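K.L.:
Next up is a structure, given as structure tokens.
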Amino acid sequence: MKIKMRLSKGWFILKRTAIEFFEDDPMSYCASIAFYTIFSLPAILLITVTVAGSAYEQQVVQGGLMEQIETLIGSESAREVQRILQNANETSSSVLARIIGIATLLFSATTVFVSLQNALNKIWGIRPKPEREILKFIMNRLLSLAMVISIGFLLLVSLVVDTLIVVFRNFLSEYLSGITYELVAVVNIAFSLIVISLIFAMIFKILPDARIMWRSVWVGAFVTTLLFALGKYLIGFYLGTSSIGSAYGAAGSLVLLLIWVYYSSLIVLFGAEFTYVYSREMGHHIRPDKNAVIVKVKEVEQEDGVVNT
């Protein structure tokens with residue numbers, strides 16, 4: 001009986017998530033996130049590689065990052081990303097140019113996360129207080145920079161674990177040669193899911209101007225990870241079988257990357273909507289922090305029609 005009730009509750013939460021998700025106009029926010037990602041990508045890649053490369057060989061870090069990107073968006077788009085990273089790595093000899101470059105780098109790297117934060121605030125019905133705009137702007141940039149650095153750290157952890165898995169596989173191959181590769185593959189997939197879940201948990205806990213219970217964060221991050229893992233293959237299959245990239249000629253790789261970010265953003269925002277609905281239905285309401293307020297939309301009947309206020 002309990003299992004039936006839980007399944008019924010889960011199905012209700014999924015239905016409410018889908019309804020409220022499309023009411024929040026996620027397509028516009030995903031387009032914004034995808035647009036800013038193109039401009040933020042060089043800075044994000046450079047900071048991520050620099051952070052992970054501070055404790056690991058930079059060429060290995062870059063190679064591991066490109067390998068992960070290739071599994072997500074294909075080899076052609078991955079090569080385009082690699083060219084972007086190489087161009088971002090070129091530094092100017094002028095001191096002033098370097099200072100301006102670093103400032104631009106930090107601003108660019110955080111823009112996409114600020115855009116994502118705005119989308120999460122909208123989905124969770126929260127808005128920063130207008131009188132704290134300047135302080136909020138600075139805090140948003142610092143939080144977003146912390147997110148980029150954290151991703152670099154997780155990349156480093158991922159590379160270290162990958163190395164340990166290889167050592168583990170070589171050790172087991174002498175004794176369990178029949179199941180070694182299957183076992184290693186399962187361990188690798190499990191670890192990848194854990195890393196992705198940690199990233200989503202940080203996004204849901206840190207970025208929005210909200211207070212949310214850790215239980216809701218972990219449930220939302222886990223569901224989003226499963227959706228992301230499924231969506232990764234579906235999006236990859238779609239991009240791999242369609243000719244949408246070739247229609248844009250030389251810009252095809254960039255367009256494929258843009259499309260991948262757009263659809264991936266839809267999955268992340270759907271996961272955020274699920275987290276919001278789950279929290280509400282479980283009685284763990286998401287609250288605004290001290291620098292934000294709850295936003296409520298009210299319909300007012302007027303002579304010339306209905307308007308939202």
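The numbers in full-length UniProt numbering rise by one with no breaks, and the one at position 139 of the sequence shown is 139.
Glycine included, C-beta positions come from ideal geometry on N, C-alpha and C.
Here the structure is a predicted model, which is why all the values come from computation and not from measurement.
Output yes or no for whether 9 Å exceeds the beta carbon distance between Ala119 and Tyr29.
P.N.:
Yes.
K.L.:
Could you tell me the distance, in whole angstroms, from the CA atom of Ile196 to the CA atom of Trp218?
P.N.:
Taking the straight line from one Cα to the other gives about 12 Å.
K.L.:
My guess is that Val277 and Glu23 are in contact by the Cβ rule of under 8 Å, so how many angstroms apart are they, rounded?
P.N.:
That pair is no contact at about 12 Å.
K.L.:
Go ahead and pull the three-state DSSP assignment for Val293.
P.N.:
Three-state result, Val293: strand.
K.L.:
Give me the residue from Val81, Leu226 and Met213 with the minimum Cα distance to Phe39.
P.N.:
Cα-wise, what sits closest to Phe39 is Val81.
K.L.:
Any idea what DSSP makes of Ile126, helix, strand or coil?
P.N.:
The answer is strand: DSSP assigns Ile126 an E or B state.
K.L.:
If you reduce the DSSP assignment to three classes, tell me which class Pro288 lands in.
P.N.:
In the structure shown, Pro288 sits in a strand (DSSP, three-state: E or B).
K.L.:
Could you compute how far the alpha carbon of Ser192 sits from the alpha carbon of Pro208?
P.N.:
Taking the straight line joining both Cα atoms gives about 24 Å.
K.L.:
Buried or exposed: which applies to Val295, given that a residue is buried once 16 or more other Cβ atoms fall within 10 Å of its Cβ?
P.N.:
With fewer than 16 Cβ atoms within 10 Å of its Cβ, Val295 is classed as exposed.
K.L.:
What first and last residue would you give for the alpha helix (DSSP H) that runs through Ser54?
P.N.:
Looking at the DSSP string, Ser54 is not in any alpha helix (DSSP H), and its letter there is neither H nor E.
K.L.:
Quick one: does the C-beta of Val49 sit closer than 8 Å to a heavy atom of the ligand SAH?
P.N.:
As far as ligands go, the structure on display features none, and thus does not contain the ligand SAH.
K.L.:
Counting along the chain, where does the alpha helix (DSSP H) carrying Met5 start and finish?
P.N.:
Here the alpha helix (DSSP H) through Met5 covers Lys2 to Glu23.
K.L.:
Is the segment 103-118 touching the segment 43-50 in the sense that three or more CB pairs, one from each, lie closer than 8 Å?
P.N.:
Yes: the two stretches touch, three or more of their Cβ pairs being nearer than 8 Å.
K.L.:
Do Ile194 and Lys205 have their beta-carbon atoms positioned less than 9 Å apart in this structure?
P.N.:
For Lys205 and Ile194, no; Cβs fall outside 9 Å.
K.L.:
Do Ala221 and Trp124 have their C-beta atoms within less than 9 Å of each other?
P.N.:
Cβ distance not < 9 Å, so Ala221 and Trp124 don't count as in contact.
K.L.:
Strictly by DSSP, which residues pair up with Arg211?
P.N.:
Looking at the DSSP assignment, Arg211 forms a beta bridge with Arg287.
K.L.:
Here's the rule I'm using: 16 or more other beta-carbon atoms within 10 Å means buried, otherwise exposed. How should Ile235 be labelled?
P.N.:
When all chains shown are included, Ile235 counts as buried.
K.L.:
Assuming residue 361 and Ala34 form a contact by the criterion Cβ under 8 Å, report the distance between their Cβ atoms to the nearest whole angstrom.
P.N.:
An answer regarding residue 361 cannot be provided, because it is not within the stretch 1 to 309 covered by the chain.
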